[in-house]
Amino acid sequence: MNIADKENSKRDSRRERSSFANRIHEHVKLGPKFSETLKSKLSLGAKIIQEGGRGNIFKHVFGMQEEEKLLKASQCYLYTTAGPIAGILFISTVK
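First residue of the sequence shown? That's 3 in the working numbering, and the numbers climb one at a time after it.
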């Protein structure tokens, strides 16, 4: 490996770290209304626990056909100008 390759490797490594840090920052950025966002996150978490998990919420809200399987349920946030809105994204074999 020559000197130019080492420099390129260092530059690429810095970009990867920078990109990773930016993705983390965007993920945890909560906006100007921190207390409202925190309250919303805790409220959604409490609802998930009360319902017995994300799968049970899916069954309760959408109903499930006999052959249907829930493939993935992920907590997500829709960011609006008024602030983030917490929700759950469901992916199933039918819906």
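Just so it is clear, CB atoms sit at the ideal spot from N, CA and C, and this is done for glycine as well. Treat the numbers as computed from the prediction; the structure is a model and nothing was measured.
Inter-residue spacing [alpha-carbon to alpha-carbon] between residue i and residue j
i	j	result
Y81	E69	34 Å
I50	E38	18 Å
C78	Q67	25 Å
F64	G85	26 Å
T95	I59	16 Å
A1	T83	Any property of residue 1 remains undetermined from this structure, which presents the chain solely from 3 to 97.
K61	Q52	14 Å
K43	F22	24 Å
N-terminal and C-terminal residue of the alpha helix (DSSP H) that residue i is part of
i	result
K74	Counting along the chain, K74 falls outside any alpha helix (DSSP H), though it belongs to the beta strand (DSSP E) covering L72 to T82.
G57	R56 to F64
CB of residue i within 8 Å of CB of residue j, strictly
i	j	result
L72	G54	no
L40	A88	no
I90	K74	no
Neighbour flag for residue i against chain D, beta carbons, 8 Å
i	result
I87	No chain D appears in this structure, which consists of one protein chain only.
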